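Novice: With the first letter of the sequence shown counted as 1, position 195 gets the number 195 in UniProt numbering; the numbers rise by one all the way through. Glycine residues also receive a C-beta, built at the ideal position from the N, C-alpha and C atoms. As the structure is a prediction and not an experimental result, all values here were calculated from the model.
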Amino acid sequence: MVLNAIQSRVQASPAYRAVADQFRYRRQDVSGVVPKIPALPYLYISPFFVLFAVFLLFPTAYTLYLSFFDYLGASNEVLLTVDFVAFQVTVPQIANLRFVGLSHYTRLILRDSLFHQALFNTSFIFLVQVPLMVILGLATALVLDAKFIRAKSIFRTLIALPVATGLVAYSTIFLLLFNGDVGVINYALETIGLGRVPWLTDAWWARITLVIAVTWRWLGYNMIILLAGLQTVPEQLYEAAEVDGATRWQKFRFVTLPQLRPVLLFVVVSSTIGTFQIFAEPYVITGGGPSNATITIVQYIYNQAFLQLNLGYASAVSVALVILVSIMSIIQIRYGGTE
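(1) By a C-beta neighbour count over all protein chains shown, 10 Å radius and 16 as the cutoff for buried, is isoleucine 301 buried or exposed?
(2) Would you kindly report the start and end of the unbroken alpha helix (DSSP H) that includes arginine 253?
(3) Find out if the Cβ-Cβ distance for the pair leucine 108, valine 284 is shorter than 9 Å.
(4) May I have the straight-line CA-CA distance separating residue 407 from arginine 248, to the nearest angstrom?
(5) Just the Cα atoms here: how many angstroms apart are asparagine 222 and alanine 141?
(6) Which residue wins for smallest C-alpha separation from valine 263, given the options Ala240, Pro162, Leu226 and Ala15?
(7) According to DSSP, tyrosine 71 sits in a beta bridge with which residue or residues?
(8) Between Arg334, Ile323, Ile330 and Tyr335, which lies nearest to threonine 60 when the distance is taken from Cα to Cα?
(9) Return the first residue and the last residue of the alpha helix (DSSP H) that tyrosine 335 is part of.
(10) Would you say tryptophan 199 and glycine 220 are within 9 Å of each other, going by their C-beta atoms?
(11) Does the Cβ-Cβ distance between arginine 207 and asparagine 121 come in under 9 Å?
(12) Could you name the residues of the same chain whose beta carbon sits closer than 6 Å to that of leucine 102, not counting the 5 residues immediately before and after it, in chain order?
(13) Give me the Cβ distance between glycine 180 and threonine 209, rounded to the nearest whole Å; I'm assuming they're in contact under 8 Å.
(14) Using a Cβ distance threshold of 8 Å, determine whether the stretch 253 to 261 contacts the stretch 163 to 176, with at least three qualifying pairs required.
(15) Using alpha carbons as the reference points, say which of Ala305, Ser271 and Gly288 lies closest to phenylalanine 279.
(16) Determine the extent of the alpha helix (DSSP H) in which residue 357 is found, giving its start and end residues.
(17) Closer than 6 Å by C-beta to glycine 336: which residues in its own chain qualify, once you throw out the five before and the five after it? Chain order, please.
(18) Who are the near neighbours of isoleucine 125 in its chain, counting only those whose CB is closer than 8 Å to its CB and skipping five residues on each side?
(19) Can you give me the start and stop residues for the alpha helix (DSSP H) that asparagine 121 sits inside?
(20) Expressed to the nearest angstrom, what Euclidean distance is found between the alpha-carbon atoms of isoleucine 185 and leucine 177?
(21) Return yes when the Cβ of glutamine 259 is within less than 9 Å of the Cβ of aspartate 145, no when it is not.
(22) Going by the DSSP bridge assignment, what does glutamine 88 pair with across the sheet?
(23) Compare the Cα-Cα distances from tyrosine 71 to each of Arg98, Gly137 and Pro162 and report the closest residue.
(24) Does the Cβ of glycine 73 have 16 or more other Cβ atoms within 10 Å, making it buried, or fewer, making it exposed?
(25) Report yes if the C-beta distance between histidine 116 and glycine 312 is below 9 Å; otherwise report no.
(26) Per DSSP, what kind of secondary structure is isoleucine 301 in: helix, strand or coil?
(27) Work out the CA separation of glutamine 93 and isoleucine 135 for me, nearest whole Å.
(28) Does the Cβ of glycine 245 have 16 or more other Cβ atoms within 10 Å, making it buried, or fewer, making it exposed?
(29) Give me the Cα-Cα distance between arginine 261 and tyrosine 42, rounded to the nearest whole angstrom.
(30) Distance, Cα to Cα, arginine 217 vs isoleucine 333?
(31) Restricting to Cα atoms, I'd like to know which of Asp83, Gln308, Pro282 and Leu57 is closest to alanine 203.
(32) Beta-carbon within less than 6 Å of valine 233's beta-carbon, same chain only, minus the 5 sequence neighbours each way: which residues are those?
(33) Taking DSSP as the reference, what is the three-state secondary structure of arginine 17?
(34) Take the Cβ of isoleucine 327 as the centre, count every other Cβ of all protein chains shown within 10 Å, and call the residue buried at 16 or more, exposed below.
(35) With a CB to CB cut of under 6 Å and the five nearest residues on each side skipped, what residues in its chain are close to isoleucine 273?
(36) Going straight from the alpha carbon of valine 54 to that of serine 13, what length do you get?
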């Protein structure tokens, strides 16, 4: 308080005001002398566009371009040479390519049974895991938003904590938990009188294991988003519904769900995109097995690109995945969004 009083007195003194006025006048004079550059704002925002072009636009465009070619290996040939006044810039050719047209797309649609298997596995995980995660996330958010719940911050932190865990770390833990011979889950089932479950050796149980793992990790993320949406619902709407004699179910159906519609749409769309990009869990927990029963599209792209070096075909599968996810997202936004 003493410092504030001293500062107020100093600022109110005539000498301080005179110095401040002189400084302001000089600054205005300098601003009038400095030339105005119309393109200067674009220079300030140019780093974003440079990084966007290098790390997103070019890889995306080159992936689409590469999907029409067969990759034959690295190349030492010169693609482009630019002569400047003082120096010369040489752009090397990235790879030796052979044009194959639409043959990659024809192969993945008509002849590639392994891609069809990967598409089925990913679709199965999507159809089971996304509705389950949205329902559990909404139920958890409703419970934690209730007024009678104590220590809400602790429960929110514990439920959201799996989001911060590393993909490989938690996948390894699930691999140990669901191991058929020494896993804790089968040990607990045997303890209560139930038999062992072939979590990782049976096709359907292996897919269920992946669903459980992905749901465990991303439940807290969706819960946080839905909880934030619940807290934006006006309390007056619930009070008006109570005055009209609405039950808890009616308030949830006619007040909560309509108010949460944009948030639910975001959760569904983001979960759809994330599920179709799943890679670490099947790679670490099941290895794509048994008998390719859990191989996903992204894992299949990884195998084609980095294990078999079929970069052209892997690019075609990547483009197909982008188109598939885009179509599904557009459908969800079209039928789940508002005007």
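Specialist: To lay it out plainly:
(1) buried
(2) From DSSP, arginine 253 is part of no alpha helix (DSSP H); its letter is neither H nor E.
(3) no
(4) A query on residue 407 cannot be resolved here, the shown segment of the chain reaching from 1 to 339 and no further.
(5) 9 Å
(6) Leu226
(7) Leu97
(8) Ile323
(9) 311 to 336
(10) no
(11) yes
(12) none
(13) Going by Cβ atoms, the distance from glycine 180 to threonine 209 rounds to 11 Å, so no, they are not a contact pair.
(14) no
(15) Gly288
(16) A query on residue 357 cannot be resolved here, the shown segment of the chain reaching from 1 to 339 and no further.
(17) Leu265
(18) Arg207, Leu210, Val211, Val214, Thr275, Ile278 and Thr296
(19) 113 to 145
(20) 6 Å
(21) no
(22) Asp83
(23) Arg98
(24) exposed
(25) no
(26) helix
(27) 51 Å
(28) exposed
(29) 38 Å
(30) 25 Å
(31) Pro282
(32) Gln259
(33) helix
(34) exposed
(35) Val325
(36) 56 Å
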